[in-house]
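Okay, so here's the structure we're looking at.
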Amino acid sequence: MDRVQRYALQNHTILLILIMHLPIQLIDINFYLVFFHYGYVLPSKPIVCLLWWFADYGCFIGGLILMAWLAIERHILIFHDFLVSNKKRRFLSHYLPLGILVTYILLFYIICVFLLPCESTYVYTLPVCGASPCYQSYDILGEWEFIVNSSIPIVLESIVSIGLIVRVQRQKRRIHQSTQWHKYRRMIIQLFLVSSVDLSLNLPFYLISFAHLCGLPQEYGVQLQLYLFFLGYFAIFLFPFASLCQFPELRKTIKNKIIAVLPRQLYRRTPVGPITITIPMVQQQ
Numbered sequence: 067m068d069r070v071q072r073y074a075l076q077n078h079t080i081l082l083i084l085i086m087h088l089p090i091q092l093i094d095i096n097f098y099l100v101f102f103h104y105g106y107v108l109p110s111k112p113i114v115c116l117l118w119w120f121a122d123y124g125c126f127i128g129g130l131i132l133m134a135w136l137a138i139e140r141h142i143l144i145f146h147d148f149l150v151s152n153k154k155r156r157f158l159s160h161y162l163p164l165g166i167l168v169t170y171i172l173l174f175y176i177i178c179v180f181l182l183p184c185e186s187t188y189v190y191t192l193p194v195c196g197a198s199p200c201y202q203s204y205d206i207l208g209e210w211e212f213i214v215n216s217s218i219p220i221v222l223e224s225i226v227s228i229g230l231i232v233r234v235q236r237q238k239r240r241i242h243q244s245t246q247w248h249k250y251r252r253m254i255i256q257l258f259l260v261s262s263v264d265l266s267l268n269l270p271f272y273l274i275s276f277a278h279l280c281g282l283p284q285e286y287g288v289q290l291q292l293y294l295f296f297l298g299y300f301a302i303f304l305f306p307f308a309s310l311c312q313f314p315e316l317r318k319t320i321k322n323k324i325i326a327v328l329p330r331q332l333y334r335r336t337p338v339g340p341i342t343i344t345i346p347m348v349q350q351q
């Protein structure tokens, strides 16, 4: 990604989501692999559990919040571009919301995971140290996390993404006549791809969790929810590939580098000519 693409407004949220997903890939997933290999958390120390909780809860949910903002931001950039027409408006409509969201995510989970004066239980023989950070024992914090931090962003992303597609269909004549149509088209396709991946892999898990919150017995759907939980990690793995449609030059560069790394022998054919085999005659006695 070159400097022009890094400074483009439509790419800032994408970059922040990629950064938010990085601790999940470096910490969360690696800790899972170590646990499944040895059968316990290694090293068995509280700081490991705290870092695991921060990546597993904070960074994962932070990605959901930024995905919801990405859908809203596409509406602003396509249909209300006057809101980013000068520096003051860009600050109020673009940089300020992003700054508030990132600050909120970091402060909420740094305070809840590392600084809250409560006693957490570290179970080193269970994944994610038992997945029981003490802040979730506070009803208001646990419900706030599930409703405000998790459920509302997913519902908002669903509604806003579908609304964008419907709005584009209704106003496609005016949009097609715009000189920015090619840029808008890439942004729409990108949002459709990343939202489809994110919602299809995360929404079922939260629907079951919401059903439990509404009174469904906890024993129903437990096994399915476990599979859906780990399936949600594929949204993180696939997000970079789904967002590449916004960067055709970067996609081309990656493709060329992959081809250059492959052994050249795979593309060479050694000519095979006729082979003459001489078999010595054995004399019979």
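Numbering (the working numbering), first residue to last: 67 to 351. All residues carry an ideal CB built from backbone N, CA and C; glycine is no exception. None of these values were measured; they are calculated from a predicted model.
If distances are taken between C-alpha atoms only, which option among the options comes closest to residue i?
{"i": "leucine 292", "options": "Pro219, Val234, Pro193 and Ser261", "result": "Pro193"}
{"i": "lysine 249", "options": "Gly129, Phe145, Cys195 and Ile113", "result": "Phe145"}
{"i": "proline 219", "options": "Glu185, Ala134, Leu297 and Leu279", "result": "Ala134"}
{"i": "tryptophan 118", "options": "Ile131, Leu162 and Cys195", "result": "Cys195"}
{"i": "glycine 124", "options": "Tyr201, Leu149 and Thr319", "result": "Tyr201"}
{"i": "leucine 434", "options": "Ile254, Leu265 and Val260", "result": "No answer is possible for residue 434: the residues shown for the chain start at 67 and end at 351."}
{"i": "leucine 294", "options": "Phe271, Ile213 and Phe300", "result": "Phe271"}
{"i": "leucine 132", "options": "Asp94, Val114, Asn152 and His87", "result": "His87"}
{"i": "phenylalanine 300", "options": "Ile142, Ile93, Pro283 and Leu267", "result": "Leu267"}
{"i": "leucine 143", "options": "His78, Ile95, Ile113 and Phe126", "result": "His78"}
{"i": "leucine 82", "options": "Pro306, Leu158, Thr191 and Phe313", "result": "Pro306"}
{"i": "tyrosine 104", "options": "Thr191, Glu139 and Cys115", "result": "Thr191"}
{"i": "arginine 156", "options": "Tyr73, Pro283 and His278", "result": "Tyr73"}
{"i": "serine 224", "options": "Ile206, Pro112, Ile113 and Leu273", "result": "Leu273"}
{"i": "isoleucine 254", "options": "Leu108, Ser275, Ile228 and Phe276", "result": "Ile228"}
Can you tell me whether residue i is buried or exposed? The criterion is at least 16 other CB atoms within 10 Å of its CB, across all chains shown.
{"i": "proline 183", "result": "exposed"}
{"i": "glutamine 76", "result": "buried"}
{"i": "glutamate 285", "result": "exposed"}
{"i": "glutamine 351", "result": "In this prediction, glutamine 351 scores a pLDDT of 40, lower than 50, which makes its location untrustworthy; the coordinate-derived value is nonetheless stated afterwards. Counting Cβ neighbours within 10 Å, glutamine 351 comes out exposed, since fewer than 16 surround it."}
{"i": "tryptophan 247", "result": "exposed"}
{"i": "asparagine 215", "result": "buried"}
{"i": "serine 110", "result": "exposed"}
{"i": "tryptophan 187", "result": "Sequence inspection shows threonine at residue 187; the tryptophan mentioned does not correspond to that position. Threonine 187 is exposed by the Cβ-count criterion."}
{"i": "arginine 236", "result": "exposed"}
{"i": "phenylalanine 356", "result": "Only positions 67 to 351 of the chain appear in the structure, and residue 356 is not among them; the question remains open."}
{"i": "proline 199", "result": "buried"}
{"i": "tyrosine 170", "result": "exposed"}
{"i": "cysteine 280", "result": "exposed"}
{"i": "glutamine 160", "result": "First, the amino acid is wrong: residue 160 is histidine here, not glutamine. Classification of histidine 160: buried, given that the 10 Å Cβ count is 16 or more."}
{"i": "aspartate 122", "result": "buried"}
{"i": "glycine 129", "result": "buried"}
{"i": "serine 302", "result": "Checking the displayed sequence, the identity of residue 302 turns out to be isoleucine instead of serine. Buried is the call here."}
Can you name the start and end residues of the alpha helix (DSSP H) that residue i belongs to?
{"i": "asparagine 268", "result": "247-279"}
{"i": "asparagine 77", "result": "75-89"}
{"i": "serine 227", "result": "218-236"}
{"i": "threonine 169", "result": "162-176"}
{"i": "lysine 154", "result": "153-156"}
{"i": "phenylalanine 148", "result": "Premise fails: phenylalanine 148 is in no alpha helix (DSSP H) and is neither H nor E."}
{"i": "valine 179", "result": "Where valine 179 is concerned, there is no enclosing alpha helix (DSSP H), given that its DSSP letter is neither H nor E."}
{"i": "glycine 287", "result": "That residue, glycine 287, is in no alpha helix (DSSP H); it is neither H nor E in DSSP."}
{"i": "glycine 208", "result": "205-210"}
{"i": "cysteine 125", "result": "Unbroken run through cysteine 125: none, as it is neither H nor E."}
{"i": "alanine 301", "result": "299-308"}
{"i": "valine 100", "result": "95-104"}
{"i": "valine 114", "result": "112-119"}
Alpha carbon to alpha carbon, how far is residue i from residue j?
{"i": "valine 288", "j": "arginine 251", "result": "41 angstroms"}
{"i": "leucine 99", "j": "tyrosine 106", "result": "10 angstroms"}
{"i": "serine 217", "j": "glycine 208", "result": "12 angstroms"}
{"i": "tyrosine 333", "j": "alanine 326", "result": "Any reading at tyrosine 333 must be qualified, since the residue scores a pLDDT of 49, below 50, and its modelled position is unreliable; no value is offered."}
{"i": "valine 263", "j": "asparagine 322", "result": "26 angstroms"}
{"i": "valine 226", "j": "phenylalanine 258", "result": "11 angstroms"}
{"i": "alanine 137", "j": "isoleucine 176", "result": "26 angstroms"}
{"i": "valine 168", "j": "leucine 290", "result": "32 angstroms"}
{"i": "leucine 304", "j": "leucine 310", "result": "10 angstroms"}
{"i": "leucine 230", "j": "alanine 197", "result": "37 angstroms"}
{"i": "phenylalanine 101", "j": "valine 189", "result": "12 angstroms"}
{"i": "proline 163", "j": "phenylalanine 180", "result": "25 angstroms"}
{"i": "leucine 172", "j": "phenylalanine 148", "result": "30 angstroms"}
{"i": "arginine 233", "j": "cysteine 178", "result": "39 angstroms"}
{"i": "phenylalanine 97", "j": "valine 150", "result": "42 angstroms"}
{"i": "phenylalanine 296", "j": "histidine 141", "result": "31 angstroms"}
{"i": "phenylalanine 126", "j": "isoleucine 93", "result": "12 angstroms"}
{"i": "isoleucine 80", "j": "serine 203", "result": "33 angstroms"}
{"i": "lysine 318", "j": "alanine 308", "result": "15 angstroms"}
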